[in-house]
Amino acid sequence: MKLVLFLCLAVTLALFETTSAFCIDPNGQDPDGCVRRCDIPTCSNPNPDPSQICSADCFNGCVCKDGYIKIYDANSPCVKKSFC
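Quick note, the sequence shown lines up with residues -21 to -1, 1 to 63 if you use mature numbering (1 follows the signal peptide of the UniProt record, and there is no 0).
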């Protein structure tokens, strides 16, 4: 029983660390679930059209907090909107 409890705790901590370490906040990022890649604001497209037809592939990762925007694409870091 102790082993099962230990394994559950270890897995939970590992998942939390993976998610939170990926989105450490010096650049205004938060972890998020599934976001359509074409819905992520970037410097070149700061106001994506929500009715735009795009592939249904998910972006699981960090999204920018309010006031921040991705530089190039979903995998690039967040910067303040004034940087663009």
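Glycine included, every Cβ here is placed at the ideal spot set by N, Cα and C.
When you compare the CB positions of residue i and residue j, do they come within less than 7 Å of one another, or not?
i: residue 48; j: residue 27; result: no
i: residue 63; j: residue 37; result: no
Just the Cα atoms here: how many angstroms apart are residue i and residue j?
i: residue 29; j: residue 60; result: 19 Å
i: residue 46; j: residue 53; result: 16 Å
i: residue 24; j: residue 17; result: 9 Å
i: residue 50; j: residue 43; result: 10 Å
i: residue 57; j: residue 15; result: 17 Å
Quick one: is residue i buried, meaning 16 or more other Cβ sit within 10 Å of its Cβ, or exposed?
i: residue 140; result: Lying before the first or after the last residue shown, residue 140 is absent from the chain, which here runs from -21 to 63.
Based on the DSSP output, what are the partners of residue i in its beta bridges?
i: residue 48; result: 58
i: residue 16; result: Looking at the DSSP assignment, residue 16 forms no beta bridge with any residue, so it has no partner.
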